[in-house]
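These notes are about the structure you will find just below.
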Amino acid sequence: MQVPAPFEYERATSVDHAIGLLERLGGSARLVAGGHSLLPMMKLRLANFEYLIDINDLRDELGYLDVRTDEIRIGALTRHRELLESDELAAAFPIFRDAEKVIADPVVRNWGTLGGSLCQADPSEDLSAVCTTLDGRCVIRGQSGERVVPMTEFHRGPYETAVGDDEILIEIRFPVRPRGGSAFEKVERRAGDWAVVSAGAAVWLLDDGRIADARVGLAAVGPNTTALPEISAALTGREPSEELYDEAGRLAAQGCRPESDMRGSEEYKRHLAGELTKRALRRSVERARERG
Amino acid sequence: MQVSMTVNGEEVTREIEGRLLLVHFLRDVLGLTGTHWGCDTSNCGTCVVWLDGRPVKSCTVLAAMAGGHEVRTVEGLAQNGELDPVQRGFMECHGLQCGFCTPGMMMTARALLNENPDPSPDEIREAISGQICRCTGYATIVRSVRWAAAYEADQRADADQPAEPAATTGGAP
Ligand SMILES: Cc1cc2nc3c(=O)[nH]c(=O)nc-3n(C[C@H](O)[C@H](O)[C@H](O)COP(=O)(O)OP(=O)(O)OC[C@H]3O[C@@H](n4cnc5c(N)ncnc54)[C@H](O)[C@@H]3O)c2cc1C
Ligand code: FES
Ligand code: FES
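Written out as structure tokens, the structure reads:
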């Protein structure tokens, strides 16, 4: 039987209350959101804390999807299921729905949160790849106020983030730009499993159909989500074509750092990184064109 | 610490350890052993119960987190001594063999039908995709849920029938 080591359970009544508790208890305390990453780790005694601070009552402050014309803001306590079901979000960023359909399973998605996914900083976390692809900005709050950290600087290594011991991730902001399309591709061994490799792509087109900007984010092929600025550089200003997707795929396969494990060999994962990048880019361009 | 929650419509309060998982609270503290406990790693879904009407894997939720909320378990499916149509469907269509996965499957199926009264076989498969039947009776589980959906559709149709003339004479102006 797997049971976490003993800890004190506290329930936060507001974000400020949670920050006050974290400030007082320091590194011996941890926030629990959905608990679907934290509790399994504590059950295996891979993580032990003296205090758990439950933030699930903070739905008013942290559970929202605010869709504006130039920016989308999503609260950290928004659950997978809500991300999957939002038509507004799917219209602006179809990559979210693509990804949420293949993250875990419907029962896990009822409870796991966006903030928990990002803060877990698991190298295979699909939502981290999505947020990296969409150039997300993470709003982190502590006693001294708020700061905004781009996704590319949010993860500091496997299971490490820019969020301090006495801070809390509040929301993620995504810029909305014209003529955009996005998509997510994942290969898993069985339904609901973690990715062997997954790839997000987003493309924004110029009026003449050339690429204004393109971004790719890969999961499970490095210590953190892999952002590939070299792909953005190679695609900007170019006309979308199969040859261009091939080129991007080659850059992805070269630029990632996968390791062989039970999910596949390094070579296979590089192959997937390339192929999934191509597919995601192709679909992103199709979607950007459909939106005109 | 003390925790209070509603379980199958009844308010319960108990003294527990913060680390107690909801599945053990239900089984060991309340004696509701209908909820099964299998993989212990949030993969098999035999421990699925409802928290505020939504299926969750109770091996991955603290009992303390359910405090102040409503929990429903397989024991709470039957109403007024009558089996839920999902339970009847599992009997009619051989939806269980050893029965180990059954409580979780039925809780998920009931939640699905509440949202989507006429799910396709694919939608049913998607809904239970985080749950494992080691007897691999998936085809009959899907059939059982379809049976319940059809049964409930019939019930609704009956209720929608125009009332018998004899019944309307009384109160009509
Ligand atoms: C069976 C199973 C299958 C899964 N499959 C996938 C999959 O295919 N793809 C995938 O990407 N994920 C998968 N997951 C992971 C799932 O997405 C995460 O468990 C979940 O979303 C993490 O969110 P949570 O709210 O449960 O986080 P928690 O477990 O509550 O927290 C995780 C970490 O984040 C911290 N934290 C949480 N919220 C905040 C906040 N607001 N501010 C600061 N720190 C915070 C916690 O302290 C903890 O350290 C799977 C999980 C399970 C159980
Ligand atoms: S015992 Fe909870 S999912 Fe298997
Ligand atoms: S009936 Fe035996 S596990 Fe499903």
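Here the protein sequences line up with chains A and B, keeping their order. Read in the numbering used here, the first sequence has 120 at position 120, and its numbers run on one by one without any break. Read in the numbering used here, the second sequence has 1116 at position 116, and its numbers run on one by one without any break. Note that CB positions come from ideal geometry on N, CA and C, so glycine has one too.
Q) Measuring from the CB of M985/B, is there a heavy atom of ligand 3 at a distance below 8 Å? A) The displayed coordinates of chain B run from 1001 to 1173. Any statement about residue 985/B would go beyond what the structure contains.
Q: Look up R1014/B in the DSSP assignment and give the residues it is bridged to.
A: Taking the first residue of the second sequence as position 1, residue 1014/B is located at position 14. Answer is V1003/B, bridged to R1014/B.
Q) Along the chain, which unbroken stretches of the beta strand (DSSP E) at least 3 residues long are found entirely within the region 167-230 of chain A? A) 168-175, 180-188, 195-205, 211-219
(Q) Is there a Cβ of chain A sitting closer than 9 Å to that of R1134/B, yes or no? (A) In the second sequence, counting from the first residue as 1, residue 1134/B sits at position 134. R1134/B does not count as touching chain A.
(Q) Less than 9 Å between CB atoms is the rule here; does L1051/B satisfy it with respect to chain A? (A) Within the second sequence, numbered from 1, the residue matching residue 1051/B stands at position 51. With 9 Å as the cut-off, L1051/B counts as an interface residue toward chain A.
Q) Taking just the CA atoms, how far does A195/A sit from E337/A? A) Here chain A has residues from 1 to 292 only, and residue 337/A is not among them.
(Q) Does any residue of chain A have a CB that is nearer than 9 Å to the CB of P1055/B? (A) Reading the second sequence from its first residue, position 55 is the one you call residue 1055/B. Cβ-Cβ to chain A under 9 Å: yes for P1055/B.
Q: Look at the alpha carbon of H1009/B and the alpha carbon of A1109/B, and state the distance between them as a whole number of angstroms.
A: One-based indexing of the second sequence puts residue 1009/B at position 9. One-based indexing of the second sequence puts residue 1109/B at position 109. According to the sequence as given, residue 1009/B is Gly; it is not His. In a straight line, the C-alpha of G1009/B is about 20 Å away from that of A1109/B.
Q. Roughly how many angstroms lie between the CA atoms of D1160/B and A1150/B, to the nearest whole one?
A. What you label residue 1160/B is simply residue 160 of the second sequence in a count that begins at 1. What you label residue 1150/B is simply residue 150 of the second sequence in a count that begins at 1. Approximately 15 Å, taken between the alpha carbons.
Q. Where do the N-terminal and C-terminal ends of the beta strand (DSSP E) with I74/A fall, by residue?
A. Stepping through the first sequence from its first residue, residue 74/A is reached at position 74. Element bounds for I74/A: 71-75.
Q) Hey, E286/A and G181/A are a contact pair by Cβ (cut 8 Å); roughly how many whole angstroms apart? A) Numbered from its first residue, the first sequence carries residue 286/A at position 286. Numbered from its first residue, the first sequence carries residue 181/A at position 181. That pair is a contact at about 7 Å.
Q.
Between T236/A, T226/A, T277/A, G264/A, which has its C-alpha nearest R250/A's C-alpha?
A. Counting from one through the first sequence, the residue named residue 250/A turns up at place 250. Taking only the C-alpha atoms, the option nearest R250/A is T277/A.
Q.
Would T1169/B pass as an interface residue toward chain A - the criterion being a Cβ-Cβ separation below 9 Å?
A. As a working mapping, residue 1169/B is identified with position 169 in the second sequence. Residue placement at T1169/B is flagged as unreliable, the pLDDT there being 45, under the threshold of 50; the coordinate-derived value follows with that caveat. So no, T1169/B is outside the interface.
Q: Could you give the DSSP three-state label for T1168/B: helix, strand or coil?
A: On the second sequence, residue 1168/B is found 168 positions in, with the first residue counted as 1. Because the pLDDT of T1168/B is 46, which lies under 50, any placement of that residue in the model is unreliable, and the number read from its coordinates should be weighed accordingly. The answer is helix: DSSP assigns T1168/B an H, G or I state.
Q: To the nearest angstrom, report how far apart R68/A and R173/A are at their CA atoms.
A: Counted from its first residue, the first sequence places residue 68/A at position 68. Counted from its first residue, the first sequence places residue 173/A at position 173. If I take the Cα positions, the gap works out to 11 Å.
Q. Closer than 8 Å: is that where the CB of I1124/B sits relative to any heavy atom of ligand 3?
A. Residue numbering aside, residue 1124/B sits at position 124 when the second sequence is read from its first letter. Checking the Cβ of I1124/B against ligand 3 gives no.
**Q.** V163/A Cβ short of 8 Å to ligand 1 heavy atom set
**A.** Locating residue 163/A in the first sequence gives position 163, where the first residue counts as 1. It does: the Cβ of V163/A is within 8 Å (strictly closer) of some heavy atom of ligand 1.
Q: Would you grab the beta carbon distance between V107/A and V1056/B for me? Rounded to a whole angstrom, and I think it's under 8 Å.
A: Stepping through the first sequence from its first residue, residue 107/A is reached at position 107. Stepping through the second sequence from its first residue, residue 1056/B is reached at position 56. Right, their Cβ atoms sit about 6 Å apart.
Q. For G1130/B, which residues in chain A fall below 9 Å Cβ to Cβ?
A. Taking the first residue of the second sequence as 1, we reach residue 1130/B at position 130. Those within 9 Å of G1130/B in chain A are A104, D105, P106, V107, V108, R109, A191, G192.
Q.
Classify N1080/B: buried if its beta carbon has 16 or more other beta carbons within 10 angstroms, exposed otherwise.
A. Here residue 1080/B is taken as the residue at index 80 of the second sequence, counted from 1. Classification of N1080/B: exposed, given that the 10 Å Cβ count is below 16.
Q: Look at the Cβ atom of V130/A, then the Cβ atom of F184/A, and state whether they are nearer than 9 Å.
A: To locate residue 130/A, count along the first sequence from 1; it is residue 130. To locate residue 184/A, count along the first sequence from 1; it is residue 184. For V130/A and F184/A, yes; Cβs fall inside 9 Å.
Q: With distances taken Cα to Cα, identify the nearest neighbour of L1030/B among F1090/B, C1044/B, V1012/B.
A: Position 30 of the second sequence, counted from the start, is the residue given in the question as residue 1030/B. The residue with the shortest Cα to Cα distance from L1030/B is V1012/B.
Q. Name the chain B residues whose beta carbon is nearer than 8 Å to that of F7/A?
A. Looking up residue 7/A in the first sequence gives position 7. In chain order: G1018, R1019.
Q | Reduced DSSP category for P1173/B - H, G, I as helix; E, B as strand; rest coil | A | As a working mapping, residue 1173/B is identified with position 173 in the second sequence. With a pLDDT of only 42 at P1173/B, under 50, the local geometry of the prediction cannot be trusted, and the value read off the model is given with reservation. Coil.
Q: Throw me the rounded Cβ distance for the A214/A and L272/A pair, which I believe falls under 8 Å.
A: Sequence index remark: in the first sequence, residue 214/A carries index 214 (1-based). Sequence index remark: in the first sequence, residue 272/A carries index 272 (1-based). Their Cβ separation, rounded to whole angstroms, is 19 Å, which puts A214/A and L272/A out of contact at 8 Å.
Q: With a threshold of 16 other CB atoms inside 10 Å of the CB of A43/A, please say whether the residue is buried or exposed.
A: In the first sequence, residue 43/A corresponds to position 43, counting from 1. What sits at residue 43/A in the sequence shown is Lys, not Ala. Buried is the call here.
**Q.** Buried or exposed (CB count within 10 angstroms, at least 16 for buried), C1098/B
**A.** One-based indexing of the second sequence puts residue 1098/B at position 98. That one is exposed.
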